[in-house]
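A.B. asks: Okay, so the sequence shown: first residue is 0 according to numbering that gives the first Met the number 0, each after it adds one. C-beta: ideal position from N, C-alpha, C; glycine also.
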Amino acid sequence: MFSVDQLIASYGYIAVGLGCFFEGETILLAAAFLAHKGYLELRWIIAIAAFGSFAGDVLSYLLGRWKSDFIVQKLGSIRRNIPKAKMFLARHGASAIFLMRFSYGLRATTGVLFGITGMPPFKFIVLAALSCSVWAFLIGMAGYFLGHAAEALMNKLAHYEKIVAVAVLLGGFGLWLAKIALRKKPRD
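Given below as structure tokens:
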């Protein structure tokens, strides 16, 4: 089974695009971390993450817009939440897309909800493009700088690495000597 890092290292930008098409924070953070290590380019990661996320949003919006009756009929929980979603949209307006973009777990349902509630397509597309771009930039930069911070921490700990290794070796040697000493029984 692949870890996220192995998946990104093996499939690179394709993994980023597909991962961000769905719920992609982990993929984006890991890819940006790998960009810091020099495996991928950060600018392409951010661009592909924004595009993948945007494509997922538009597809889910269209699904909500064209198949709203089917979705509402099959998923009763959505039916109960439509009035809340409409109130949320009325209260927050265009900023609702940005608020939901940064709410983990809600991002995948954002497009469907805006499609069902009847947000005009052009307005949704413009706001989704902006929010996806901002999201990809901020999360991508966070992953990149977390990689930088982790590398700096490892460099600082490198000095202590030798001390810890010597302490472990000495401790192991001491335990071995103690075991030998306890094995020998005194003769009468």
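1. Going by DSSP, what residue range makes up the alpha helix (DSSP H) through L190?
2. Assign D68 to one of two classes, buried (16 or more other C-beta atoms within 10 Å of its C-beta) or exposed (fewer than that).
3. Who are the near neighbours of L61 in its chain, counting only those whose CB is closer than 7 Å to its CB and skipping five residues on each side?
4. Among A31, L27, F172 and V125, which has the Cα closest to the Cα of H147?
5. Should M99 go down as buried or exposed, given a rule of 16 or more other Cβ atoms within 10 Å for buried?
6. List, from N- to C-terminal side, the alpha helix (DSSP H) runs of 4 residues or more that fit wholly inside the segment 75-117.
7. Check each candidate in T108, F20, F123 and S59 and name the one with the smallest Cα separation from A48.
C.D. replies: Reading off the structure:
1. Because the chain in this structure spans residues 0 to 187, residue 190 falls outside the shown range and cannot be described.
2. exposed
3. G114
4. A31
5. With 16 or more other Cβ atoms from the protein chains shown falling within 10 Å of its own Cβ, M99 counts as buried.
6. 75-91, 94-100 and 106-115
7. Nearest option by C-alpha distance: F20.
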